[in-house]
Every structure is written in structure tokens, then in C-alpha cells.
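Undergrad: First, the structure itself, so that you have it in front of you.
4 protein chains.
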Amino acid sequence: MQRIAFGTVMAAMLVAGGSALAQAPSWTPPPESTRCPSKWGATDERGSANHMKPQTVLNAVKLIKTGEVIELGHVLNDKMPFFGTRRFDVHIKRTFMNDFSNRRGSNEEIVISEIGQVGTQFDGFAHQTHENSWYNCFKVAENSSRSGFTKLGVHNVGSLITRGVLIDVAGFKGVEMLGDNYEITVEDLEGALKKQNLTLQAGDAVLINTGWGKLYGKDNPRYVKSCPGIGVKAAEWLVAKDPMLLGADNWPVEVAPNPDKQISLPVHQIALVVNGVHLLENLKLDELAAKGVSEFAFIMQPLKIQGGTGSTVAPVAVR
Amino acid sequence: MQRIAFGTVMAAMLVAGGSALAQAPSWTPPPESTRCPSKWGATDERGSANHMKPQTVLNAVKLIKTGEVIELGHVLNDKMPFFGTRRFDVHIKRTFMNDFSNRRGSNEEIVISEIGQVGTQFDGFAHQTHENSWYNCFKVAENSSRSGFTKLGVHNVGSLITRGVLIDVAGFKGVEMLGDNYEITVEDLEGALKKQNLTLQAGDAVLINTGWGKLYGKDNPRYVKSCPGIGVKAAEWLVAKDPMLLGADNWPVEVAPNPDKQISLPVHQIALVVNGVHLLENLKLDELAAKGVSEFAFIMQPLKIQGGTGSTVAPVAVR
Amino acid sequence: MQRIAFGTVMAAMLVAGGSALAQAPSWTPPPESTRCPSKWGATDERGSANHMKPQTVLNAVKLIKTGEVIELGHVLNDKMPFFGTRRFDVHIKRTFMNDFSNRRGSNEEIVISEIGQVGTQFDGFAHQTHENSWYNCFKVAENSSRSGFTKLGVHNVGSLITRGVLIDVAGFKGVEMLGDNYEITVEDLEGALKKQNLTLQAGDAVLINTGWGKLYGKDNPRYVKSCPGIGVKAAEWLVAKDPMLLGADNWPVEVAPNPDKQISLPVHQIALVVNGVHLLENLKLDELAAKGVSEFAFIMQPLKIQGGTGSTVAPVAVR
Amino acid sequence: MQRIAFGTVMAAMLVAGGSALAQAPSWTPPPESTRCPSKWGATDERGSANHMKPQTVLNAVKLIKTGEVIELGHVLNDKMPFFGTRRFDVHIKRTFMNDFSNRRGSNEEIVISEIGQVGTQFDGFAHQTHENSWYNCFKVAENSSRSGFTKLGVHNVGSLITRGVLIDVAGFKGVEMLGDNYEITVEDLEGALKKQNLTLQAGDAVLINTGWGKLYGKDNPRYVKSCPGIGVKAAEWLVAKDPMLLGADNWPVEVAPNPDKQISLPVHQIALVVNGVHLLENLKLDELAAKGVSEFAFIMQPLKIQGGTGSTVAPVAVR
């Protein structure tokens, strides 16, 4: 059974000795006064999804030349990598025979899962906080219920159709898979974009290929133990480009654990809490990378789970 | 508690008296020798989804002029109409505070649901049988497990992007909502298509507006008790047009109960079992109908539930 | 969706007008300094279950004369009365055939339920608080996890075998069932005990027959809407007798709603929070009352759900 | 994903070669004509629980001398050994504050589990078949529903209070724990009973100490991989003594896998299907054995899960 509070790392550092003044963490969440209200408005709940406008769709669709569809989502089953006690349990019910003259048998299943947080998954803004405060400074305590949050629910997102961009960092570094805890830097991103002759635009779905997805369903313990991904600097650089979302073929998009052991998944806060930028995890990018696709129409339909923190998704790249 | 076997209606009719020879049902599932193998091939599991080809996507995308996106799916919550004991239960977990220096709180929820069969839902082929036989004559007994079917799973479907067509039957009849048990006929479909200056093409996502969706979440008992929808003749007529799927703003697409009390949801068998044509239920068509949209790019992403019978979905019409 | 905070009734009263000084509630939870530490000790988590000693068992067993066993628990199914969105959902899995020469088929089911709070149910101390404080002033925030509480879990209780006493208040009042919102008073209890020639002893399982159980599974909406039961005074009187538990054939043991509209289920706090006395709800007492049983061996085995708030149970009276 | 049918071992043996006639299995389920109707009656659903009579209770209670209660059940949590994908998942809900003047906080949890088949568990008769046939030849197909079986449900059992007997086979063999796949023989049982100066009586709860329980929650993979237990001969010998149930501190009571690789858990069929004798698994017998207890009052209260295949339980030995 896990306790709610880990234990303060700061205290641990003091106990461990060293300088009388413990080293400050390399990144701290900005105060509410700085990050709120959101640039999208004081009552905004949609953050970067606000980029969805008719013109966004038209720009995406312009990129469709052959009609080829490349699936970016993994199949959902109990062989997926899971964190902690998360599940994707399917129980097929007994067949029900409607004994009319047409003898119609009916099958269905009950699914039990943290369906907002398994498989290829899209993070909504209710998922993460700084202290008790969400994106746009909505407060958890005042907006919670046992059956759903009353602010920032993923049901607000809707279909996202926009220009998609694959930044193939693994390809840029000439490897199939980046190192187990490799931090992707701004230089890596700039280098890859240059090599791919690609520029980021506001509203993009920016997908990053680390190669880590190669382990998905193959070596789950290693897949979840750590991963390569963007660090704080790279995240801030990307967020400044005003994307619709950041995604990767690893479980947190960012490098994990963070090289700075004092902070836990800071990019989740930079994206979701501070800037209202969505994250998309556990993508299947092997085909996209193998085919050398850099730019495409990105289409993703999160489930409209009322008050949910996220949704498993089955997005595609179309070109 | 429901028994697996209802009780034979035929027997009931005999007991009730009448002619020595009970009236034959108006429709009978064709024998396996007639319907198998599928035109898509003896080992085919994808049926009408086989219409998904690059050209299908290009044809759909051609219809996008303004980039307007119209959502066709309902929000998922426990206020939806449910059949029997189906659920959509969301339990928000207690917030977990990662007590690092960046004090990152994390939220998620456990969802318990027949997620293939609730809300705006897409029926896969494992969902329905004639006796023990599915589409393309795969047998249930040999292809079942407790955690998923090993043939015809909805994970095989993938994104569907095709020309969408709204046949506004309610509009054609000059009503907001068709009658509680009104059977849509071939004449209704032809009349509406003519009025809308519309022709069906192979591979279409054919959506039918009955107006019944008006009751969804407003008067659930009435919504599920019965509904207007296509009858056997209309279904056979539509299926002959070789669509990718048939959908409606009611719970079974077809009229329910069927006017012929001896048969139970025959169109489910005609579409899913006999012809391998997908069904899409509980659509939200009010906006599409109100805006007089007849033709559009239809986009739908079912979850890749391995071995699943279907998926709740959040499809869109784009134009 | 329900908000966490109802809205202050006090404020409502002020708005409603009346005297400048709103009437004080008829009962207020005592301050922590008064109720803690528990008489059972500063680190005690078992409260009234501490009455379980070998002598308690011997005293109970002495009452067994004929060996007759009377079941006091209801059958568990989805026809039970439920509060809010609580469930008792059973999904029978598909039969699994172990295809060895002995062809052994295996059946099981997945059960999804608030199993600590449905059916005939036993309340543990983690179930209720005053503000953030439990029995013996353990604090919720410091002792919570997503998978169980780390103090006061029902797994600590163990089997309870003690003298059971049925106070037939409905019988005493000469009715089959007390009124929908009747408050049982100290006089009612004293009168019934006198009529039954019964005296309460420390460590007793005190069960109260209201007759309300007659509605269980028959008229669930009425059963849960309100109920007769003990009021604050009667509860304090009973608690002073130092029982092992208080039980009844209604859903909260106490009268609900409380006649004082400012307070919500105060007896739950008096018993569970203030005094560490267990509650036992939804008992099936019809047979016990009909047979005129006043005194018996009471046996109850709560499930050892680690960190759980309670357990459904199937207790018996043996005589 | 597991197939329903393993694959015929007989066929495997033929492939493996050897004599043209494969060796017959050492035990075969008797034909229906032999085992049905049950000695308890053609419509009987309760099997060995029929031993519960007032005299049984009195005989059990006579054995209570000091009032000492020894718990025989394990705590329920997710650290228990599980078979396959079975679960015991507890999700503590967010605390709900009833914001009345008494500020009453309420906690509860949703539990998702094969609650008939986890932890210290009691097997009902719906749990196992020979082909499609249960105890007393009730047929699965005719008595199934998605929410419960309509024959042989565990809700029929009720509290079992009877003479309990611990046969300490590990103690008899002078070891703490029998071998990983040791088959307990009739000689073992007779020897232990003789050493303990104990005779079996009809209606007994016969509990066997193998010592295997020592691994429970400590080395779960080894615990479930195999285990010592009674073989077919010992089971038949025990069943002939007409017990109320057979129990052990391992997961199937019987030796597993069976030395005869052609048969799968035959004692489950001998007990549950052929003779209608209940099984009780995963008992915690260390304290009972350490205290040298041979004879005691056995008390067990299965949950009344309507139509269920079994129940987790928290039984006790009282002496």
C-alpha cells in the first residue's frame, strides 16, 4: 500500500549532509500570479485545444496527398505496460441467446480500466496539479466529485485535427532507440528539425520519436522503469512554439526520472499546468519514422468522458 | 436475473391456438452456405471496413471546404440511456501528491463499463450471431476466451475516414421526431435522398436522422423502450449499396421492436452477421440535421480493444 | 454529479430569516480534547471490538440451548436497496473447460461493488469522520492511500462472538413497522427491554427491530428515502451501556433524516467517531422478532479487507 | 489470451509414441447414472451443507472450553497469491463531506474482485463441472445467466458451525512444510489422526495442514506454481467419512499438478461434482498447528452472493 506523501527529498538531502544550504532544484513551478489567468482567458478550460479552428483543419487536410493512413495507437489489452496497479481488464460476458425465430446471439464485455491513463493515452488538464492548483488556477478541492471533476474534464476537448509533425530525434542521433534515461535537448530538436527540413507552427501536434516504443509490449518492466525524453529546457522551447500538443513514443513524453532528482516529471507541469498544452503518450511511431514521414494530417478523437482526466486514444497520421 | 433462453415464441403461438400451421416469420437468416464465405474472402474479419483505401480517404477529404467540425458523439456519463444493467461508472481516485520539490499532484479515475456498448457506439462483428455463427461463419465457441474473442475483434477496424451521408428521414416526413415505433421504408429513404439531391456510393458512412436522439439523456426510459428506425426491407436496400456502415440517432439503427414480433433485431443480423456491415448507434445528429448537411467527411476512431465486440466512439462530420 | 460540499444549512437558515441569531443545532460533535484519547488507549484502532475476550465467547455460547441458527443477513444481489450509485454487480465469466481427460469445467464471476457498504453491512471506523478526524483522533489525510486506509481498517476486527440482544421496539409499540421517520427514544428502549425482561450488558451486540426491514427488496425507494431509528438521546443511552455494536433492520441504525435538519446522521458520529462503537445495518430481523427471541449468541465475520471502511456480512443468531 | 480448450493430452501422448493404446488415466469421473441423484435428494442444491442441523451446532459448541478464537483466514489485499488474472482491487473513493453543522465526512471504496475465488476461499458447487454437468447433475447451460447461476448458488449455504478437525500431516511427517508436489496418502492421514488421537465424524470440517501456507504472501509465484495436497485416494477416503467440507492451507486442497498428468484437479470433481462436498482453500493454519489444536468448533460465514460460485471467507476455530 502506498502512502500519499513520499517523504521530502529536501529533508533527505539535509540528512545526507553536504553543504549547510541544500542545492536548489533546477526548476520550480511558477507562482499562480505568473501563470494565471491563461492567455486563453480567465475561465478557459480548453488550453491548447483552442487552436482547433476551421483553418487549422483546412491546413491539416492540405497535407493529405495520397490518402494513406498510418495508425499511431497501440492495441489495448492486458499485455500493455502499466504503472502501479493500473489495469485494462476485459471480461467477456456469457453469450445471450435471444430465442426468437431468428435466434440472435449477443456478446459484450465489461471493461475495467483507468481508461484515461492506459495504452496510447491523451492527458487532459485535470490530470496534474501544482499543489492544489490546476491549469488556469482552477482548484481541485472545489471542483471534485466522486464521479468526475467539474472543471477541465476531457469531454471538453473534442476531435483534434491539425498539422502533425514528427521530430525523429532517434533518427537524428543515428540510433534505433535513445538511451534509457537520455535527456533530449533543444539542440537535439533543432538538429532534427533542420535535418528533416521542418519548421514548427503554432497549433501543431508535435510528436517526438525516441525509439523507446520499441520496448512497448516487449519488455514492459524496462519500458516503465525509466525512459528517454524531453527535458525541461526542450519542453519550454517547444511550448514557446505554441503547439496543440506534445507527444512521444514513451510513457511521459519527458525524460524519466528527471536528471534533477529533486523534481518529479516537471514537463507534466510545464505542459499541462503552467501552459495548458496537452500531452500524448505511448504513441506507436515506428511506422511513421520508418517511412520517413515528417509532416502529416494528425487526427485524434478522445472519448468524451465527462469530468475525466484523459482518454486512451487511437490517433492516426494521414498523408 | 435473466435466463439465457427466453422461451420460444413459436411454441407460444401454437399454444395460443390459431391455424395448425403458425405463420412463418417475415424474415429468416439465410443459411451459412448462402452467406459464407464473405465477398471479402474466406478468412476476412474486417467486412465493410475493407472499403478503407487511400482513395476513400481522398474522396472524403475532397468534401472538406470550410474546415467546420461537427461532433456526432454524446458525452459519456451515467446519465446516458442504458440497456439492462450496462454501466458507465467513473470513480475518481484520491489525489496522489508526489512530494518532490515541485509538489506535483496526480489525478486519475477507474472506469467500469461495457465500453463497447454504451454511449455513441460502434458495433463490431463479434457482437452478434445467428445461432453460434458470426460474420463469415466464424464460430463463437472456437474463438472465445474470457478476455477477448480471437476472431473479429474491434481492434481490427482502425480509423474510418470516408464520405458521410445524412439521410434526414424525419426532415423528409416534416417532423422533428418519427413515431415511437415507426418503420422507415425504402420509399422513405428514396424520398429523402431525392429531396436532398443525394446519391449513395459504395463505402459511404450512411447516417439516418430519425429525430429520436432528441430523447437521449432527456427521457431515457422512452428512448430505450422502443424506437423508429429502418426495417428489414430498407436495411436490405441500404446494404445493397455496399456502405461502410449504417448509423442512426437511436439505439439499434433499426425499428424496435420489429413489427414482426417473431423476430428480434433482424437488421443487426442482416448488417453484422450476413453482410459484414458495421452499425453505429446513439449518434448525435441534431446539429448536422439543423445545419442541413447532407454530405461530409466522416471520421471515426474506435478504440483498439483486442477481441472486443465494439467501441464507444466520438465521431465527427467535417465539411 | 454531486459536489463535495452541500452548502451550509446554517447560511440557509440565516437567509430564511427568523431570529437574528440562528438556532443552535441540537447536537454538536464534542471537541477532540474530550473524546481522545479513546478509553481503549491512545493507539487503539479496535474500539468496541476490544470487548472480544475469551469470556465474552463463553458467555455467548452459554446461551446456545437448541443449536438453532437464525440467519440475520440478506442475500446479495442487484435487487438490494442502494444509496446513490453504489453497486453489487456480478458478471459470470464464460465457462473455462480444462480439456484434460477428466474434462473439468470451471466457473467464476467478477464482482464489482462497494462491498463494505452494501447489503447487510458492518461499519468500520474508517467510514466516518468529524472534519478530518476519525475515532481516536486519527487523521484521514495522513492515513490514506488509493488502495486502503492505513489506520482503522476493517481487517482489524475479526470474528465477533458475543451475547446478542434484540430490542423489539416495533413489537413494544404494537406495530409491524414503525413510522417512516419515527425517532426511537430512551423510553421506547427501556419499555421494550422491560417488556422483554431483558437487561443490557457490556459487550452486547444490541440489535433493534424497527420493522423497516419489511421494505427491503420490496419497496427500495421508500426504504432508502427515510427510516425510523434511534435518535441522539437513545444512541447516547445505548453507548453508555458499553456495547460491542448497535444494529438495526434499517440502513443507518438511526432515524433518518434526523429531526434536527441541521445535523446529518449524528448517531454515526456518536457511535463510530466519538465512542468507537461499531454499527450494523440492513439486518434481516423478521424471523428473530417473529420467534420472540430476545437473547442469543451473536456471530459475525467481517471480511478482512485491508484498510477497508466496512464489510458486507452474513451474521447469525444461535440459540 | 487463453483459449478455452487446452489441447488434448491424449493426442499428445499418442504423438509421443509408445504403445498403440495410450495409458488410461488413473481416474475418470463416474457417469451421471452413478453419481445422480445425490444421496441428499434429486433436487438437492446444498450437498454436504445439509449436515448443518441443530445437533451439529450443539456438538460443535460442546468443544468450546476457554473461548479462545483462532483466526483461520488471511487478510484480503493485492499482495495475495492470485491465479491468472484474478484481482482484489480496492479503490478508496474521495472523501465526501456532508456539510451540515456536524461536518460529517464519509469514506468508502469500490472493490473489484473475483470475490468467490480469492483469499481464503470457500468453493460452492456452481464452481466446477464434469463436461456440462454440476453436482446432482444440474446442467450449466440451462441454469446460467450473466449475473448469476440459477442453481447451486453459494447464497444457499449459510453459516456453517460444526466440529472442526485439523489433520496435521506436515507435523506427522516431522516437517514445517511438505514437498512442492507431495501427494498426501491415506496412510498419511491415518497416521496423523492416530498420532493426534483423533477420529473423523460425519459432518466434520476437515482441515489439513500441509505447511504450504507458509509461502502465502511471501513467495506467491512458488505458492501457486504447484503444491502438496491430498491425492485421489486420500480424497475418496475422506469423502467416505461424510464430512461437511475439506480444507487446507494451499490453493486447491489437493496435490497440484496431479501426479497423473492426464487429469486436472480431480479432487475438485470428486468433492464438488461427484459427492457435493465443499472445499475450503488458502486457510491460515499456522497458529492452529503451532498450538497443537486437533479438535475445535469451526465457524464460517460465506457471503450470500446470489448465484455465486463461492465466497471469500474469514473462518475461525474456537475452543
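Chains as they are written, first to last, in the working numbering: chain A, 1 to 319; chain B, 1 to 319; chain C, 1 to 319; chain D, 1 to 319.
For each residue, glycine too, the CB sits at the ideal point set by N, CA and C.
Just so you know, these numbers come straight off a predicted model, no measurement behind them.
Would you kindly check if the distance between the Cβ of C:ALA42 and the Cβ of D:SER159 is under 8 Å?
TA: no
Undergrad: Pop quiz: C:VAL175 and C:GLY211 are said to be a contact at Cβ under 8 Å. What is the actual Cβ separation, rounded to whole angstroms?
TA: About 7 Å; that satisfies the 8 Å criterion.
Undergrad: Report the three-state DSSP secondary structure of B:ASN50 (helix, strand or coil).
TA: helix
Undergrad: Which whole-angstrom value is the C-beta distance of C:ASN102 and D:GLN128, which I expect to be below 8 Å?
TA: Taking the Cβ atoms as the reference, C:ASN102 lies roughly 11 Å from D:GLN128, outside the contact range of under 8 Å.
Undergrad: Check this for me: beta carbons of A:VAL255 and A:GLY231, under 8 Å apart or not?
TA: yes
Undergrad: In whole angstroms, give me the CA-to-CA distance for A:PHE6 and B:ARG94.
TA: Any reading at A:PHE6 needs caution, since the residue's pLDDT is 47, under 50, leaving its predicted position unreliable; the model's value is listed next. Those two C-alpha atoms are separated by around 15 Å.
Undergrad: Hey, quick one: how far does the alpha helix (DSSP H) through B:GLY171 stretch, first residue to last?
TA: Where B:GLY171 is concerned, the enclosing alpha helix (DSSP H) stretches over 169-172.
Undergrad: Helix, strand or coil for D:VAL313, going by three-state DSSP, please let me know.
TA: coil
Undergrad: Counting C-beta neighbours from all protein chains within 10 Å, is the total for B:PRO31 16 or more, i.e. buried, or is it exposed?
TA: exposed
Undergrad: Might you give, ordered along the chain, the residues of its own chain that have their beta carbon closer than 6 Å to the beta carbon of A:VAL273, omitting 5 neighbours on each side?
TA: GLN128, HIS130 and TYR135
Undergrad: Contact check, A:ILE64 vs A:ARG319 under 8 Å by CB: the rounded distance?
TA: 6 Å
Undergrad: So, using beta-carbon positions, are B:ILE263 and B:TRP27 closer together than 8 Å?
TA: yes
Undergrad: Is the beta carbon of C:LEU245 closer than 8 Å to that of C:SER38?
TA: Going by C-beta atoms, C:SER38 is not nearer than 8 Å to C:LEU245.
Undergrad: Go to A:THR34, then tell me how far its alpha helix (DSSP H) extends in each direction, as first and last residue.
TA: Segment 32-35, the alpha helix (DSSP H) holding A:THR34.
Undergrad: Thinking C-alpha only, which one of A:VAL316, A:ALA317 and A:THR309 is nearest A:LYS151?
TA: A:THR309
Undergrad: Can you have a look at B:ASN197 and say buried or exposed, based on whether 16 or more other CB atoms are within 10 angstroms of its CB?
TA: exposed
Undergrad: Against C:ILE115, what residues of chain B qualify as contacts under a CB-to-CB distance less than 7 Å, listed in chain order?
TA: Residues of chain B passing the Cβ test: none, with the nearest at roughly 14 Å.
Undergrad: Label A:PRO259 either buried or exposed according to how many other C-beta atoms from any shown protein chain fall within 10 Å of its C-beta, with 16 as the threshold for buried.
TA: exposed
Undergrad: Could you give the C-beta distance for C:LEU332 and C:ALA317, rounded to a whole number, given that I count them as a contact under 8 Å?
TA: Outside the modelled stretch of chain C, which goes from 1 to 319, sits residue 332 of chain C, for which no answer is possible.
Undergrad: Beta carbon of C:GLY164, beta carbon of C:ALA205: below 8 Å?
TA: yes
Undergrad: Please work out which residues of its chain come closer than 7 Å, Cβ to Cβ, to D:GLY18, disregarding the five sequence neighbours upstream and downstream, and give them in chain order.
TA: Annotation note: pLDDT 46 at D:GLY18 (below 50); position unreliable, coordinate value reported separately. Here the set comprises nothing.
Undergrad: Smallest Cα separation from A:GLY191: which of A:PHE82, A:TRP251, A:ILE167 and A:ILE115?
TA: A:ILE167
Undergrad: Closest Cβ-Cβ distance between C:HIS155 and chain F: below 8 Å?
TA: Chain labels in this structure do not include chain F; the protein chains are A, B, C and D.
Undergrad: Leaving aside the five residues before and after B:PRO29 along the sequence, list all residues of the same chain whose C-beta is less than 6 Å from its C-beta, in chain order.
TA: HIS130 and GLN269
Undergrad: Which residues in chain A sit within 9 Å of D:ILE112, going by Cβ to Cβ distance?
TA: ARG87, ASP89 and ILE112
Undergrad: Can you give me the C-alpha to C-alpha distance between A:GLY111 and B:PHE298, rounded to a whole angstrom?
TA: This sequence places Val at residue 111 of chain A; Gly is not what is there. Cα to Cα, the separation comes out at about 27 Å.
Undergrad: Which residue wins for smallest C-alpha separation from D:PHE172, given the options D:LEU189, D:ASP219, D:ILE161 and D:ASN156?
TA: Considering only alpha carbons, the answer is D:LEU189.
Undergrad: Around the Cβ of A:ASN312, are there at least 16 other Cβ atoms within 10 angstroms (buried) or fewer (exposed)?
TA: According to the sequence shown, residue 312 of chain A is Thr rather than Asn. With a threshold of 16 other beta carbon atoms within 10 Å, A:THR312 meets it and is buried.
Undergrad: Identify which residue in A:PRO302, A:ASN107, A:TYR216 and A:PHE296 has its Cα closest to the Cα of A:PHE83.
TA: A:TYR216
Undergrad: Can you check whether the C-beta of C:LYS139 is within less than 8 Å of a C-beta belonging to chain A?
TA: So, not an interface residue.
Undergrad: Residue range of the alpha helix (DSSP H) that C:ALA192 falls in?
TA: 186-195
Undergrad: Run the CB neighbour count on B:ALA248, radius 10 Å, all protein chains shown included, and call it buried at 16 or more, exposed below.
TA: buried
Undergrad: Counting only C-beta atoms, is B:SER147 closer than 8 Å to chain D at any point?
TA: yes
Undergrad: Taking DSSP as the reference, what is the three-state secondary structure of B:VAL239?
TA: helix
Undergrad: Using CA atoms only, rank isn't needed, just tell me which of A:VAL239, A:ASN250, A:GLU183 and A:TRP237 is closest to A:LYS214.
TA: Ranking A:VAL239, A:ASN250, A:GLU183 and A:TRP237 by Cα distance to A:LYS214 puts A:ASN250 first.
Undergrad: Is any beta-carbon of chain A found at less than 8 Å from that of D:PHE172?
TA: no
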